[in-house]
Each structure stands twice: as structure tokens, then as C-alpha cells.
Amino acid sequence: MIMKGLLDFIRRKLSVRVSLSVVLFATVIFIAALSFLFYQSREAIRQEAINRATQILDNTSLRVTGILNRVEVATSITEWLVNRHPEVADSMFVYSKGMLMNNPDFYSCSIAFEPYYFEKYGRYFSAYSRYVNDSIRTTQGGSDNYQYFYMDWYLLPSLLDRPCWTEPYMDFDVQTGTKEMVTSYCLPIKDRQGREIGVVNTGLSLSWLSQTISAVKPYPNSYSIMIGKGGTYFVHPDSTKITCQTIFTETLEHPDTAMSALGHAMQRGEEGMKHMLFDGVECYVFYKPLGPTGWSMAIVCPKSDIFGGFDRLSRTVTALVSVGLLLMLYFFIRIITRELMPLRRLASEAETIASGHFDAELPDFQRSDEIGQLTQSFGNMQRSLVNYIDELKKTTAQKASIESELHVASDIQMGMLPKDFPMWPDRDDIQIYASLTPAKEVGGDLFDFYFHDDKLFFCIGDVSGKGVPASLFMTVTRSMFRTVSSHEYMPDRIVSTLNKAMVEVNETNMFVTLFVGVIDLPTGLMNYCNAGHDAPLLIGDNVETLPVDSNIPVGFMTDWNFTTQQTCIHTGTTIFLFTDGLTEAEDITHAQFQMDRVNDVAAQALALKQNDPKQLIKLMTDSVHQFVGNAEQSDDLTMMAIQYIKKK
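At position 530 of the sequence shown the residue is numbered 552 (this note's numbering), and the sequence of numbers has no breaks.
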């Protein structure tokens, strides 16, 4: 009742309304002045925080770089000692143990040699030392259960022909049953003739490195992170993310342009600062590369830590100003006797809004008459219009950003596959043609082929699922096929190596059906291994299905025994490979193309003498499009045809 009476009094008293207007104007002046003062103060605090965090980051970076350099120098010295007496096996145990005795903060040291280098030790010899509690335990590593010369730390320096740091991996001690995430520096050992005879591997514990990096904090709630070349977390306050997630993991499900930009900047070895949301908290992120390792570290400082004191001070000043404005309002009510014409102000503000300044502030007359109603109507219209325009801008920007990123991802994915045919116009013993049509912007199908040692290596595969996760799995599979097949000729061992590597990193339980073949071009003999993929067709004198064993897809079980099969490809025969996007292509009634139609089209191509790769795939593509009609493509469609033409 009292509130209603007070409101009626304000409506009736013109001087009260004018006083409110004047105080509002004074409030704007105070806000402008205080905002400028607060802005300058905030910038000074921000700059001090930048200088403080940057200095700590530089010191920490120097410390970590010093540790890494010490590892590299110690490893080089050990390699020099090994080369003095490379034929004395027992000396290797002394050198390995001496490395840790001289460097107690190192995790392990392994001096591993090529198979049968020391005949009396058999196939394996690796002088392996590591700390167990406070003592150093030195053993002879390597066995049929741990064939170290197939490990990344042994293979990488040989493949790169230079020392390198590995991505983190789990080191498991069989005797103690302990596990530790480590990263290691690997240096190849070469004899006097320049032949590689082994590798010196020095390991650092990631938990120890994390404690070293996280020890210094510029603010109470700040923390450090470190990522590898691929963006994988080496150091993070959430231990579940270390080596299990990358800085881009969360952006796959929830696109975050700022986080992606930070990850790419750190991968490129850049140095700087970003103001962004990190794990849902507004933070300042300071980042810097770690020397030639390709790694990068960052210090994450929550904004609340940096500006906590400033925010408390600003609240106190705001309270004092508010009290002063209330006193001002009291005195203005007593001296102001006139009021400007409210209708003129309303007309002026309405014209401002009509000219396009939708954020202009309308005066609040606190009236219940026609002018008050008109003011309220204009205010509601203004807020609705501003909200609509803001939502439209945000929606348009988000859609454009997502489409742009998917388009770039599609270009990158398709750019990895062979696309210009014939790729080798000077070859007269083989013809190849292939096509891949993804169902979405990015797909999970893959194919690849290349020539090596007068042999044709080729593969075709289909990753489970669609979209970005499938495309990433496809990219890894294709890259690993190239890497493994460059050192291995038998398809079953290629697939087995791929399978073991995939299972170890397959956190999402994805899999890929795969067909891998190797054709000896002078003889036409083809060795092949099928891992759960559709059987290819052989189109020669007739159309027949290539017999394949029922192996499981790649990515399920590490110990699956994949089998190799063999057949002779006769001159003029075309091998037609495809994914299930061909047989399962659906029309608008959801009827599928099926294998019978594939065989019919292949027979038609043979009858029309159009069984060369390009004509065959074109005829198959036209048939699928005619069958599907206007129905939306439901799965990636990939085909590859290889026609063998024996050299004359």
C-alpha cells in the first residue's frame, strides 16, 4: 500500500520525474568517468599479469629446455662410449647404469642392438636400466613377448635417420608390475661403416616432468599444460587427459574456434597470449614452444585470479558513487521546478531508432498515460528488434564457420588420396583408376596404391561410422599403411602391424574393414589379405569373385592371426574393389543396389569390352546413380579398378 502511494506521488510530481532524469544523466557521466578510470587500471593490472606470467613461462621454458638438452647431451655421450667398444656386450650394462647414476632425474636408459648382433645373447640384446624405488635395476631387455626393434622408439630414429623425441608411451615393468607414462629421446648407433647397429633410448617420466612444470604458479589457481607435435597432452592438471586426449578433442564434439586456434598456434611453434574460455573458465593463456622438440607449453591463468582485487575495489567505489547519486537526487527534487517536454524527447529518441541506432536508450518517464504507453511500446519494439538482429548475426556466423572448417577438412582429406589418372603414364604393365564420393563433407572410406621394388601395393577400406571421427581414423589408417608397407611385403604382416597399432590407440572402439594386396608386376602373382572387407571381383574371361578368408576388421583384437592368400592375375584381367557403399546404395524406397547388380554391371562391361579401369568405374557409377535416383546418398561410395597388363 505504501509502495503504491509512493508511485502515485512520483507520477503526480513533475519535479520528481525531472530530478530522476537529471540524476540519470549524472549517472551516465559518473559511469563514463569511472569506466575510463577502471579501464586504465584494469589495463595496468592486465599488463602486469602478462609480464609476470611471461617471465614465469620463460623461466619454466628455459628449465624444461635445459632438462631436454641435458637428456640429449647425456644420450650423445653414451652413444660415443658405446662406439668405443661396440663389440663388448657387458660394457653396455655399465654404460646404461652409469647414465642413470650421473642423472638421477632420468627415468630409464636402454642401449638396444639389432637382432643377433651379439650372437651369444641370441636374437635380443638390450641393456635396460631404470630406477626402482631408490636403486637402479639393470636387466637384459627384449624377448619374444617384447620385440623392441618393432617399437616406435627403435624404429623412428632409423626411419628419420636422425635423433628424435617420441610421443609418450606406457612403460610396463614386468617384474614389478608398475606402469609409467614416459617420453624418450632416441639416438641411432652407427658403426664405423655408417651402418645402424642399434639405438640409445633415454626416458623421462611424464609425471616427474609434469610436477617440474607445474611447480611454479603466477597465481593460486593457475596451472600449466604441455602438448606434443600432434596436440596430445603431456602435462595437464586433469591426469585422465594426459596422452588420452589432444587439445582438439573437445572441439570435435563442441566446435570451439578459439581453442582450435590456440592448438594450431602451439603446434606451429608460435609464442604469445590468448584471452579465451579454457575448460569453461575465462582465462588468459600464455604459450611458448620448447626448443627443437616440436612440443609447446602454456600457463593458464583464470581471469578471476588476475582481477579479483580489482573487482573488489570497483564494487566498493560503485557503492560510494551510488550513495552520492542518491544524495544528489534528494537535493535535485527540492530545486528543480520545471520539466522538459517529455513528448519532444520521445520523438527525438524515436527518430534515432528509426535512423538505424537500435541500441539507443529510451527515456523512462514512469507514466501511465498515453505518453508512457507509447514509450513502453517503443521500448518493447526496440528490444525485440535488437534481439532478433543479434540472434541472426550469431546464427549466420556460426553456420559459416562450421561450413568453412568442414570444407577445409574435406579438401585436406581428398588431397591425401591419388586423384590424377593415369598417375604413371609411362608404365605399360598396369592401369589403375579409382573414385571416392563421401556421403558427408568428410568420409571414412579410403584407398591407396603405390609402386615399390617392381611391385604394386594397394589397399581399400571402410571405417565404421561417418563424419569427422571416421575421417580422422581413415587418415591414420592410410598413413600407417604407407609407413608399414614400405618395410614389409607380405599383406598379412602389414595388416597385423596396422591392427596392433590401431588397437593400442583406439579409445573410441572404431574399426576399419580393409583389403590389402601386393602384385608382383613381372609375374602377375598377387598376395592379399582381407580384413572383413567385401570380396573383390576378377573380370577377365568371365566375372568371378576372388576367394577371401573371413578375417575380422582392423581395430578389434591385437592377437588376431591374419592370413595371406595368393592368386595369379592373368594378362588383361581387371581387379574391381569397392566398399559397401556400392552394394548398400538405396533408392527412395530404401531398396539396395546389392551384389547381383554389381555382377550384372561387371558382366555388361566385359561384354562391351569396357573392362578397363576408367570405363568400368564410370559404367558402375552411372548404374548406381540411375538406380538411386533422387534419394540422398546414405554411405561413402568408393571404387578402385586395377587392370594387369604384363610387360612385353
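Glycine residues also receive a C-beta, built at the ideal position from the N, C-alpha and C atoms.
Whole-number beta carbon distance between THR200 and PHE708, since they are thought to touch under 8 Å: Outside the displayed span of the chain (23 to 670) sits residue 708, for which this structure offers no information.
Nearest-angstrom Cα separation, counted from THR340 out to GLN60: It should be noted that the sequence gives Phe, not Gln, for residue 60. Near 11 Å, if we compare the C-alpha coordinates of THR340 and PHE60.
Contact under 8 Å by Cβ, GLY546 with TYR666: Contact: yes.
Per-residue DSSP class, three states only, for LEU638: LEU638: helix per DSSP, three-state reduction.
Coarse secondary structure for LYS670, derived from DSSP in three states: Note on LYS670: pLDDT 45, under 50, position unreliable in the model; no value is reported.
Three-way DSSP call (helix, strand, coil) for ARG152 in this model: Strand, per DSSP.
Proximity to SER326 [Cα-Cα], best of SER344, LYS310, PHE300, TRP317: That would be PHE300, whose Cα lies nearest to the Cα of SER326.
The segment 82-100 in contact with the segment 135-142 per 3-pair CB rule at 8 Å: No contact exists between the segment 82-100 and the segment 135-142.
Among THR567, ASP556, ASN583, the one whose alpha carbon lies nearest that of ILE516: The option with the nearest alpha carbon to ILE516 is ASN583.
ILE671 versus ASP112 - alpha carbon distance: In the structure as shown, the chain begins at 23 and stops at 670. Residue 671 is therefore absent and cannot be evaluated.
GLY220 - containing beta strand (DSSP E), residue span: It spans 218-227 - the beta strand (DSSP E) in which GLY220 sits, taken as one unbroken run.
Within 8 Å, strictly: CB atoms of GLY250 and PHE128: No; because the gap between Cβ atoms is not below 8 Å, this pair is not in contact.
C-alpha gap between ASN672 and MET319, whole angstroms: Since the first and last residues shown for the chain are 23 and 670, residue 672 lies out of range.
Extent of the continuous alpha helix (DSSP H) run through ASP622: From DSSP, the alpha helix (DSSP H) with ASP622 extends over 616-629.
Alpha-carbon to alpha-carbon, LEU568 and LEU628: Taking the CA atoms as reference points, LEU628 sits about 17 Å from LEU568.
Cutoff 8 Å: ASP448 Cβ touching any chain C Cβ: Absence of chain C from the displayed structure is noted, only one protein chain being present.
Cβ neighbour criterion (16 or more within 10 Å) applied to LEU478: Around the beta carbon of LEU478, a 10 Å sphere encloses 16 or more other beta carbons of the protein chains shown; the residue is thus reported as buried.
Option in THR188, GLY163, GLN587, HIS107 with minimal Cα separation from LEU90: With distances taken between Cα atoms, LEU90 lies closest to THR188.
THR205, DSSP secondary structure in three states: In the structure shown, THR205 falls within a strand segment according to DSSP collapsed to helix, strand and coil.
Under the three-state DSSP convention, the category ILE235 falls into: Looking at ILE235 - three-state DSSP - the assignment turns out to be helix.
Three CB pairs or more closer than 8 Å across the segment 605-623 and the segment 646-657: The segment 605-623 is in contact with the segment 646-657.
Buried/exposed call for LEU362, threshold 16 Cβ in 10 Å: Caution is warranted here: a pLDDT of 45 is assigned to LEU362, below 50, making its placement in the model unreliable, and the coordinate value is therefore given only provisionally. Here LEU362 is exposed, its C-beta having fewer than 16 other C-beta atoms within 10 Å.
Pairwise C-alpha distance: ASN124 and HIS258: If you draw a straight line from the Cα of HIS258 to the Cα of ASN124, it comes to about 29 Å.
Status (buried if at least 16 other CB within 10 Å, exposed otherwise) for ARG500: By the neighbour-count rule (16 or more Cβ atoms within 10 Å), ARG500 is buried.
Beta-carbon proximity check, THR254 vs THR268, cutoff 8 Å: Contact flag set, yes.
Integer-rounded CB distance, given that PHE537 should sit under 8 Å from CYS481: Between CYS481 and PHE537, the beta carbon gap of about 6 Å places them in contact (Cβ cut-off 8 Å).
Straight-line Cα distance separating THR505 from ASP484: Their Cα atoms are separated by approximately 19 Å.
GLU526 versus CYS131 - alpha carbon distance: Distance between the alpha carbons of GLU526 and CYS131 is about 24 Å.
Span separating the alpha-carbon of SER151 from that of SER165: CA-CA distance, SER151 to SER165, rounds to 16 Å.
SER246, enclosing beta strand (DSSP E) - first and last residue: Start and end: 245-249.
Beta-carbon contacts of ILE639 that lie in its chain and below 6 Å, excluding the five residues immediately before and after: So the qualifying residues of the chain are TYR455, SER457, MET661, ALA663.
Beta-carbon spacing of TYR309, MET288 below 8 Å: Taking 8 Å as the cut-off, the beta carbon of TYR309 is found closer than this to the beta carbon of MET288.
Residue environment, VAL345, which counts as buried when at least 16 other CB atoms sit within 10 Å: Counting Cβ neighbours within 10 Å, VAL345 comes out exposed, since fewer than 16 surround it.
Helix, strand or coil at ASP127 according to DSSP, with G and I counted as helix: In the three-state DSSP reduction, ASP127 falls in the coil class, being neither helix nor strand.
Rounded straight-line distance, which links the Cα of ALA553 to that of ARG675: What the structure shows of the chain is the stretch from 23 to 670, and residue 675 is not part of that stretch, so it cannot be assessed.
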